[in-house]
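Numbering (my numbering), first residue to last: 1 to 292.
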């Protein structure tokens with residue numbers, strides 16, 4: 001009996017040791033697996049961040065390059081017009097051809113134009129009332145745009161109307177170049193969603209007029225819509241005020257987003273100044289990469 005009890009006791013201890021060892025092994029395995037999972041998840045997350053950041057950087061550089069070309073053209077046109085004006089002025093028709101030539105040299109743009117303050121160009125506004133390319137004010141203006149694949153000239157509109165005329169009013173007020181929020185402008189009877197790069201012409205502190213380059217957002221929208229980060233993601237391009245410039249859903253272009261994620265992105269664009277910022281949600285990552 002004693003011997004049997006001793007054997008039973010020994011088996012009980014061995015069983016307990018085996019169970020304890022198994023429990024420890026399971027816990028150790030579980031902890032190791034958990035740590036490995038966390039590390040793997042972090043590595044995947046960092047890899048995703050890196051991929052998104054590279055994509056944002058490439059798109060930012062491409063868009064920034066387009067903006068730079070537009071402003072470079074504005075500067076060249078403004079300097080040419082100001083120089084010609086100082087030398088006695090360039091006849092309006094010839095000055096208008098400068099806009100035409102820049103448009104035909106850049107088929108990716110929608111329109112190129114200039115408009116001056118009353119009597120600021122050559123003092124001959126009265127001679128050009130309702131003339132070709134002018135309106136009833138007679139002030140010097142020239143706007144060339146693409147219509148059905150051909151360059152066409154038409155008078156500029158709404159340039160003194162707040163909102164619709166911000167492409168003129170803002171550079172006049174600020175006396176510095178501006179990029180407009182997306183807006184709709186009618187060209188040749190067709191409504192075009194576009195943005196404008198406007199450069200003021202200032203002489204001795206006095207505002208004389210603006211030179212503009214318009215870019216339709218359709219091509220940018222089509223390019224952005226094709227992007228699929230990591231095969232399943234999508235890209236949305238927002239303006240500094242939260243307006244959708246490009247999205248996989250074309251119906252959202254031109255609308256303004258007011259949700260918390262968008263507000264965070266807008267704040268990030270203003271504070272990060274080009275440094276990437278990630279906002280992680282339950283279903284998506286938002287990456288802000290400031291363009292300006």
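Ideal Cβ placement from N, Cα and C applies to all residues, glycine included.
Apart from the five residues just before and just after residue 256, which ones in its own chain have a Cβ nearer than 6 Å to its Cβ? Here the question's residue 256 lines up with position 256 in the chain shown. 242 and 243.
For residue 221, write down the residues that DSSP places opposite it in a beta bridge. Position 221 of the chain shown holds residue 221. Paired residues: none, contrary to the question.
Span separating the alpha-carbon of residue 94 from that of residue 106: Within the chain shown, numbered from 1, the residue matching residue 94 stands at position 94. Within the chain shown, numbered from 1, the residue matching residue 106 stands at position 106. Those two C-alpha atoms are separated by around 19 Å.
Please classify residue 171: does DSSP put it in a helix, a strand, or coil? Taking the first residue of the chain shown as 1, we reach residue 171 at position 171. Residue 171: helix per DSSP, three-state reduction.
Would you give the residue range spanned by the alpha helix (DSSP H) that residue 93 belongs to? Position 93 of the chain shown, counted from the first residue, corresponds to residue 93. Counting along the chain, the unbroken alpha helix (DSSP H) around residue 93 starts and ends at 92 to 105.
What ranges does the beta strand (DSSP E) occupy inside the segment 168 to 208, keeping only unbroken runs of at least 3 residues that lie completely in it? Those beta strand (DSSP E) runs which fall completely within the segment 168 to 208 and span 3+ residues are 183 to 187 and 190 to 203.
If contact is defined by three or more beta carbon pairs under 8 Å, each pair taking one atom from either stretch, is the segment 131 to 144 in contact with the segment 84 to 102? Touching, yes, given that three or more Cβ pairs across the two stretches are closer than 8 Å.
Counting only the same chain and skipping the five closest in sequence on each side, list residues whose C-beta sits under 6 Å from that of residue 236. Residue 236 sits at position 236 when you count from the first residue of the chain shown. Excluding sequence neighbours, residue 236 sits near 247.
Please return the same chain residues whose Cβ sits closer than 6 Å to the Cβ of residue 170, not counting the five positions on each side in sequence. On the chain shown, residue 170 is found 170 positions in, with the first residue counted as 1. Close CB contacts of residue 170 within its chain, under the 6 Å cut and outside five residues either way in sequence, are with 178 (chain order).
Compare the C-alpha of residue 144 against each of 252, 186 and 67 and name the closest. For the purposes of this step, residue 144 is identified with residue 144 of the chain shown, where counting begins at 1. The residue with the shortest Cα to Cα distance from residue 144 is 186.
Determine, using beta carbons only, whether residue 156 and residue 113 come nearer to each other than 8 Å. Start at 1 with the first residue of the chain shown, and residue 156 comes out as number 156. Start at 1 with the first residue of the chain shown, and residue 113 comes out as number 113. Less than 8 Å separates the beta-carbon of residue 156 from that of residue 113.
Span of the beta strand (DSSP E) holding residue 119? Numbered from its first residue, the chain shown carries residue 119 at position 119. That residue, residue 119, is in no beta strand (DSSP E); it is neither H nor E in DSSP.
Under the three-state reduction of DSSP, which class applies to residue 73: helix, strand or coil? Along the chain shown, read from residue 1 onward, the residue named residue 73 stands at position 73. Secondary structure at residue 73: helix, using DSSP grouped into helix, strand and coil.
What is the DSSP secondary structure of residue 166, counted as helix, strand or coil? Position 166 of the chain shown, counted from the start, is the residue given in the question as residue 166. The answer is helix: DSSP assigns residue 166 an H, G or I state.
Whether or not the segment 146 to 164 and the segment 117 to 124 are in contact is what I'm after, with contact meaning three or more pairs of Cβ atoms, one per stretch, closer than 8 Å; do they touch? Touching, no, given that fewer than three Cβ pairs across the two stretches are closer than 8 Å.
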